[in-house]
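Numbering (the UniProt record's numbering), first residue to last: 1 to 542.
We put the CB at the ideal spot given by N, CA and C, even for glycine.
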Amino acid sequence: KSGGECGHQAQRSPDRYLSDWWMQSAYLDSRMPVAMYTSPGVVLPKMHFQDRQGQMRFAAKLIAGVLDFKSMIDSETLPVEYLGGKPLCMDQYYQVLTSCRIPGPKRDVVMNYAIGKTPPSHITVVHNFQFFVLDVYNSDGSPLTVDQIYVQLEKIWNSSLQTNKEPVGILTSNHRNTWGKAYNNLIKDKTNKESVRAIQKSIFTVCLDAPMPRVSDEMYHNKVAAQMLHGGGSRWNSGNRWFDKTLQFIVGEDGSCGLTYEHAPAEGPPIVFLVDHVVDYMKRTEMVRTPMIPLPMPQKLRFNIPPEIKKDIEKAKQNMNIMAHELDVRVLNFTHYGRKFPKSHKMSPDAFIQMALQLAYYRMYQTCCPTYESASLRMFRLGRTEAVRSTTTESLQFTKAMDDPSKHKAALLEKAIKVHREHTHMAIHGQGIERHMLGLKMMAIEDLTSLPEIFMDTSFAVAAHFNLYTSQVGSKTDCVMCFGPMVPDGYGICYNPMDDHINFAVTAFNSCEETNAMKLSQFLEDSLLDMKTLLEQVSKTQ
């Protein structure tokens, strides 16, 4: 494997054709901004600190937790995960740390700097739009203690109190072509180039956010989900990010915390697995006073901002504010029951939730729509995802029958769930159709043969217009992941089924008259309650 200073771009090999095509077509070729459009956010439970000392302590523990996880990556002792008794490919875990997306004129690339003789030993910390290099290892290779990290974060905080700095990071939130041009201008300057490289090569980024405007308790999770996705706009924390960085942990002064990640190198499950590890580590770890060897001052990254770049920053600010205003995010904490309930009726919790989504959509629109649920292909080497199409003849029969008193609804629900399970089983075992079609299309493009007619057919475009874009990202931590819709008139829905409750995040665009995230969330809650009532009634009569 090549590497060293320049980092490493994955080389094409026969077993990664599809992974590469998928990464290009789904992410790297896309010219839409990564913030909101492809990068998910994760909302962690609210922490009980309300001041900067609490924020620093939490951030120091979090950093130590990620370094603890990294030690398993570095020593290759990360336990292999299994699904249905089969081992899963662990490659994605090796792509999330010390990597970064880099804008290109037509296509971006992802660089992994962990591969090489001298892997980086620093993270980047950003506060008040100012970036710092924080070395997190001692000269003997041991990681800094929580106490040492805390001291370093204090130094960073105290040397970035001024809030009038140019938010260079906001450039990364722009349309990829616009950012690509600005990027090339920015790195013409030697100082800027060195600063950008330091961010790109860092193990991960920690964003110490300014407090967001106070909101009511019921609006709190919606607000934090938006903060994780885009930072809340240029007045707040959108400039306190480097959106190309694979992993950015976000810690607010007001107890809000979570992360956002650039989606090209990995899916949600490896990310939340890392989160579970970090949260568990933080529970176990107390700050231990360590003998203080004086540590060097973390280096502040300098940027020279000529008028042209200043103009780019202003444009990026305007664009981000439009985007932040455009996204409606609703977090639904469904507390009536969790995955234990469908299990008690011998039903798959995931299929059950998918049918509730189908029912909610049908009740709101009196029709069904193309629905995408991502399924893991990690049973295969370098596998990424396949799509399960949740809308089936059986799901439609169920949703139509649900509000018709004369129908045998429970039997139809059972049948719809059974079909969904079969489709999921096919998808995870490589028997889905979406990636197969992608492969055929990409082969035709690469071979310069004419594109098969099916790809020009209107029905193909209609079938691929996913108004419901959904994903289950389960974790031990009581968190929820969120992402934007796939299409302008659609919804993005992510859910984490816990034993006795379910966390949902529903997003839609405000500019679309037809969609309304709050309304769909309400329909979803009602559907889940009605489906429970239905099964309980059937149990009573049996």
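**Prompt:** What's the C-alpha gap between M437 and S527?
**Reply:** 34 Å
Check: To the nearest angstrom, how far is it from the Cα of D244 to the Cα of T385?
Finding: 21 Å
### Message
On the CB-based measure, 16 or more other CB atoms within 10 Å of its CB, does Y261 come out buried or exposed?
### Response
buried
* So is G85 buried or exposed if we call it buried at 16+ other beta carbons inside 10 Å? -> exposed
Proximal residues to P45 (C-beta, below 6 Å), its chain only, five neighbours per side dropped: D478
Margin query: Using beta carbons (cut-off 8 Å, strictly below), is T449 in contact with chain C?
Written below: As a matter of chain content, chain C is missing from the structure shown, which is built from one protein chain.
* Helix, strand or coil: how does DSSP classify E81 here? -> coil
Identify, in the order they occur along the chain, each residue of the same chain with its Cβ nearer than 7 Å to the Cβ of D135, setting aside the five sequence neighbours on each side.
S121, H122
**Message:** Taking 7 Å as the cut-off, is the C-beta of E422 nearer than that to any heavy atom in the ligand NAD?
**Reply:** As for the ligand NAD, it is missing from this structure, which has no ligand bound.
* Asked: If L88 sits next to V96, beta carbons under 8 Å apart, how far is it from one beta carbon to the other, in whole angstroms?
  -> Incorrect: roughly 15 Å between the Cβ atoms, too far for contact.
message = Going by DSSP in three states, S30 sits in which element: helix, strand or coil?
response = coil
Among R389, N304, R197, E154, which one has its Cα closest to the Cα of R52?
E154
Spatial neighbours of E286 in its chain, beta-carbon cut-off 7 Å, leaving aside the 5 residues before and after:
none
Q. Per DSSP, what kind of secondary structure is residue 543 in: helix, strand or coil?
A. Not covered by the structure: residue 543. The range shown for the chain is 1 to 542.
- [ ] For Q11, count neighbouring C-beta atoms within 10 Å of its own C-beta (all shown protein chains included) and say buried if the count is 16 or more, exposed if not.
- [x] Since pLDDT at Q11 reaches only 49, below the 50 mark, its modelled position is unreliable, and the value read off the structure follows with that caveat. Burial call: exposed.
Exercise for review: Let me know the beta strand (DSSP E) ranges lying completely inside the segment 367-411, each 3 residues or longer, listed in chain order.
Suggested key: 371-376, 385-389
Practice problem: Sort N467, D209, D457 by Cα distance to W236 and report the nearest one. | Solution: D209
Helix or strand or just coil, what does DSSP make of G141? coil
Find the nearest neighbour of G268 within the set T38, L28, N222, M443, judged by alpha-carbon distance. T38
- Query: Three or more beta-carbon pairs under 8 Å between the segment 183-202 and the segment 300-311, yes or no?
  - Reply: yes
Please state whether DSSP places R101 in a helix, a strand or coil. strand
Grab the span of the beta strand (DSSP E) containing N333 for me, first residue to last.
327-334
Original post:
If you draw a straight line from the C-alpha of T172 to the C-alpha of T205, how long is it?
Top reply: 14 Å
- So, is residue 543 buried or exposed, given that buried needs 16 or more other C-beta atoms within 10 angstroms? Absent from the model: residue 543. The displayed extent of the chain is 1 to 542, so no value can be given.
Along the chain, where does the alpha helix (DSSP H) containing V151 start, and where does it finish?
146-158
(message) In whole angstroms, give me the CA-to-CA distance for M219 and P213.
(response) 11 Å
Measuring only the C-alpha atoms, how far is P119 from V126? 21 Å
| message | Applying the 10 Å Cβ sphere with the 16-neighbour rule, what's the burial state of G4? | response | Its pLDDT being 40, under 50, G4 is placed unreliably in this model, and the value from its coordinates should be taken loosely. Exposed: under 16 other Cβ atoms inside 10 Å.
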